[in-house]
Amino acid sequence: MLRALFKFNGGVKPQTHKLDSVRESIGQIPLPAELVIPLHQSIGGTPRPLVKAGEKVFKGQMIGAADGNVSAAVHASTSGTVKAVEMRTMAHSSGLGTLCVVIEPDGEEAWIETRPVAWRSLPAGEVRDILRDAGIVGLGGAVFPSHLKVQGSRSTKFKTLIINGAECEPFITCDDMQMRERPAGVLRGAAILRDLLQAEEVLIGIEDNKPEAIASMRAAVANLGDTARDIQIVPIPTRYPAGGAKQLIRVLTGIEVPHGRRSTDYGVQCFNSGTAYAIHEALEFGRPLISRIVTVAGNVEAPRNYEILFGTPMRHAIAPTRAKPDSDRVIMGGPMMGFAMPNPDVPVIKATNCILVGSPALFPPPEPEMPCIRCGECAKACPADLQPFELYWFSRAKQFGKAQEYALFDCIECGCCAYVCPSHIPLVDYYRFAKSEIWDREREKAAADAARERYEFRLAREEREKQEKAAKLAAKAAETRAKLAAEAAATAAEDDPKKALIAAALARAQAQKAEIQPDNIEQLTPAQQAEVAEIEARRAQIREIAHTPPENKP
Amino acid sequence: MTSYLFILLGAVLVNNVVLVRILGLCPFMGVSKKLETAIGMGAATTFVLTLGCGTSYVLDVWLLQPFDLAYLRTLSFIVTIAAIVQFTELVVQKTSPGLHQMLGIYLPLITTNCAVLGIPLLNINLKHNFIESLLFGFGSSVGFTLALVLFAGLRERLDGADIPTYFKGTAIAFVTSGLMSLAFMGFAGLDKFK
Amino acid sequence: MISAILVMALGAIVLGAALGYASIRFKVEGDPLVEKIDAVLPQTQCGQCGFPGCKPYATAIAKGEADINQCPPGGEEGIRKLAELLGREVKPLSEEHGVEKPKSAAVIDENLCIGCTLCIQACPVDAIVGAAKQMHTVVERLCTGCELCLPPCPVNCIAMVPIAESVDTWKWRYPVFRMMPKEGKAA
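Protein chains in written order, with the numbering used here: chain D, 1 to 554; chain H, 1 to 194; chain Y, 1 to 187.
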């Protein structure tokens, strides 16, 4: 059956350079002396390391657990001993280090226990967790965790599942070779995705410059029978970048996903063919993602595809293809979208679809950048329907707000604009610069907002503490006052018995005094005695007056 | 009716207040760095100038001419326009904070805009009646806004251009406005269709 | 002559009365400008501008009491944003308020810390954790690099360490075309 195909705007037709690396079948590479497995290999959070130096690991053992939902686990690519968990140079243009698990292989390739997953009987959420823990990410190069894509949009039912086998970038042939040699795995993976997403149809888009892959896949569809129901192999015209997700969706379904929307809103989801194969391996055999097919091409004698374990140094992977002596750099990815590597010793990671060896002859240094003459060639070539000359103008002037107004973030960095630019302007470099500056500003803004919030919270807390302290002090003061008052009352009550005691003592002393008669008056005359008596009487009277309470005084 | 249309069109394009009459250059240079501010300034000027033309016409006909005080025109117009601007700002700030946010700091700036004084004085010289005065004021301010917005758009782009160091900033802005002025003089050709 | 004076006086009285009435009748409280300025400031709360925090500085700018070039953590970029917001000219950072430094975070030397809690009290964003007589530590993610914890430390155990670039925060450089000798690199 012939399907009506659609066209996306723009695009270019660079020389494909694909024939050299498909002459030989997918090869194996001997184990390197050490595997450096970066923990951060996908979009999202950096997985937490689960192993320590000196520990023994099996092939397929999880060494990094997904951090949060937007993340994917990382596994040991072979059995051996963990030499270190340390910072190593990452396969990234920055040349910066990232936390890596360094494994010294023991050569036994001893697998950890694996068992197939009964995914049909499991709830969708659990299947997603299994995919996350198997480290499945998009193998087209974007390394977006796949488990996040295996769920529909809330509003729209799934209609079409697209398997991306277009592989439009020059030199890269890894998906081509996989579809030629392992079509059943890819198809079974596609069938699993079809059942998980409950898609009505599965379209496998393959560029028509890969007739062998198309034939092999078609034969496999016929062989698989019912398993491959609703699966169609659709050859699409060869034009870069037909393998871009939005472009492929446009070509196969005619749907143009607008700015700010997702394809799932239109009932379409897109997976790379390699990802489908990895999902098949993970669910049918329980094998996590530990290797991938990588095209080693460019300035080498014998370009070829190899199945390479993650963590293998690129230098080790290039060795069997015999790099030519004038090679001067290693590029991860293709010539259009690839990134220059800081050195050839960086490891192969999940995003590595191609190791391209460059030389001044193969990729001549860019010609001098000339002023933009606003010819509009870039706008004609842009597959995302943007205005690259405007984006360039604003990115160059660092007017990032304006660049965003012109939908900078819809740019897929395909490089078509720079490819056609008659002024040799490295347009994509400007877009990458602008994008990372905008991200940085957003981070700074978020940090400033968080700091403001924390500062205001602190001020509020200090104010509250002050008030609480004041309230406490006031309460304490009131308490002390009350206590003092109570004590005063108590002393007042205690005063009376004391006074009584004193009075009693006085009284006793006086009584004693009164009892004791002065004895120096015995020999006195009666007249003298009478006088004494009189004086005594008077004294007694005075004493009595003194001792009577004042109010009774006369 | 046609004469009203000619007044309006003439004020907007043919005798553009900034580019042909060369009035109100300070805001034209000062607030044309960003498109948003240019639009804000244009809107504020349009409002004040239309109102100012009406008020000054009334002032002239009812107060200055009966008392034979034409020599006080400039002074009294300045005072009236300044008061209108201040009053407008206060009212707008209270009644519509959103609009005030947009016009914001530009309202007080209008007081010093020579176009705002020039157009009422021109109205008197051209012997416009009340409706014509309003139309002329409105048309002139629309012309001002048009020139300002166009110029701001150009200057925003100029920010990203490779300009020789000594031409950066005001220098290139004057060169640009000169070219714009030349272009607007082309509208004088509309005369032929009269 | 008298009529002229009378007309002008009448005008002045009418307009003055109208304006006076309007200024009372249409009084507006609060200033939205402060919030906007505050949003641009980096919120380190470091006080290098001479005001006790970012909000007071924003208020001072809005009132015209402070210049826009007194914020070293905001740096040139911050001054540019303020100038844009306020329609003023960009000017270089005022030297008396400090110099722009690379973004740093405070790090406590945990061997020297005596657990005095003075830095905890100084930190405006509560980024230091610890208790009396216990070692303290800085939560790097929350540290704004304001350096306010440095002076109170009695044993000088806090140092400002520039934050290293990581793969996540790395930025693409501005594309620059390198001038290369035309004929080979031999010369």
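Where a beta carbon is used, it is the ideal one built from N, C-alpha and C, also for glycine.
In the three-state reduction of the DSSP assignment, D/Cys270 falls in the strand class.
Counting along the chain, no alpha helix (DSSP H) covers D/Thr156, and no H or E run does either. For Y/Gly74, the secondary structure class from DSSP, reduced to helix, strand or coil, is coil. Taking D/Gly334 as the centre and dropping the five residues before and after it, the same chain places the C-beta of Glu169, Pro170, Phe171, Ile172, Cys354, Leu356 closer than 7 Å to its C-beta, in chain order. Within the same chain, Cβ atoms closer than 7 Å to the Cβ of D/Gln178 are found at Val186, Ser273, Gly274, Tyr277, Ile293, the five residues on either side in sequence being excluded. Residue pairing for D/Pro145: DSSP places it in a beta bridge opposite D/Val137. Chain order gives the chain H residues near Y/Ser23 as Gln86, Leu90, where near means a beta carbon separation below 9 Å. Chain H places no beta carbon closer than 8 Å to that of Y/Phe51, leaving this residue out of the contacts. When C-beta atoms of the region 111-126 of chain Y are compared with those of the region 84-97 of chain Y, fewer than three pairs fall below 8 Å, so the two segments do not count as touching.
Unbroken beta strand (DSSP E) stretches of 3 residues or longer found wholly inside the region 99-126 of chain Y: 104-108, given in chain order. Not a single CB atom of chain H sits nearer than 8 Å to the CB of D/Ala407.
For H/Gly186, no Cβ of chain D is located within less than 8 Å of the residue's own Cβ.
Distance from the CA atom of D/Asp345 to the CA atom of D/Thr89, rounded to whole angstroms, is 8 Å. Here D/His424 is exposed. Its C-beta has fewer than 16 other C-beta atoms within 10 Å. Within the region 445-459 of chain D, those residues whose Cβ lies closer than 8 Å to any Cβ of chain Y are, in chain order, Ala447, Ala448, Asp449, Ala450, Ala451, Arg452, Arg454, Tyr455, Phe457, Arg458. Not a single C-beta of chain Y is nearer than 8 Å to the C-beta of H/Val142.
For D/Leu356, no alpha helix (DSSP H) segment is defined; the enclosing uninterrupted segment is the beta strand (DSSP E) at 354-358. DSSP places D/Leu309 inside the beta strand (DSSP E), whose first and last residues are 304-309. In this structure, DSSP gives D/Tyr240 an extended state, which the three-state scheme calls strand.
Using a Cβ-Cβ cut-off of 8 Å, D/Phe6 does not count as an interface residue toward chain H, since no Cβ of chain H sits closer than that to its own. Here the alpha carbons of H/Pro108 and Y/Ala66 stand approximately 22 Å from one another. In terms of Cα proximity to D/Pro14, the closest of D/Phe271, D/Val268, D/Arg239 is D/Arg239.
Distance check between D/Lys56 and each of D/Gly286, D/Glu104, D/Glu86 places D/Glu104 closest, using alpha-carbon atoms only. By the neighbour-count definition (other C-beta atoms within 10 Å, threshold 16), H/Asp162 is an exposed residue. Chain-order list of chain D residues neighbouring Y/Val167: His40, Met90, His92, Ser94, Leu96, Thr98, by C-beta distance under 7 Å. For the region 151-176 of chain H, residues whose beta-carbon sits nearer than 9 Å to a beta-carbon of chain D comprise Glu156, Arg157, Asp159, Gly160, Ala161, Asp162. Beta bridge pairing from DSSP links D/Leu203 with D/Ile162, D/Gln232. Here the alpha carbons of Y/Val125 and Y/Leu82 stand approximately 23 Å from one another. For H/Gly42, the CB contacts under 7 Å within the same chain, skipping 5 residues up- and downstream, are Phe144, Thr145, Leu148, Val149 in chain order. Closest in alpha carbon position to Y/Val161, among Y/Asp168, Y/Lys171, Y/Gly145, Y/Pro152, is Y/Gly145.
Counting along the chain, H/Ile131 sits inside the alpha helix (DSSP H) bounded by residues 130-158. The three-state secondary structure of D/Met179, taken from DSSP, is helix. Residues of chain H with a Cβ closer than 7 Å to the Cβ of D/Ala397 are, in chain order, Asp159, Gly160.
Closer than 8 Å to the CB of D/Phe394 there is at least one CB belonging to chain H.
The C-beta of D/Phe339 comes no closer than 8 Å to any C-beta of chain Y. Under the three-state reduction of DSSP, D/Ala323 is assigned to strand.
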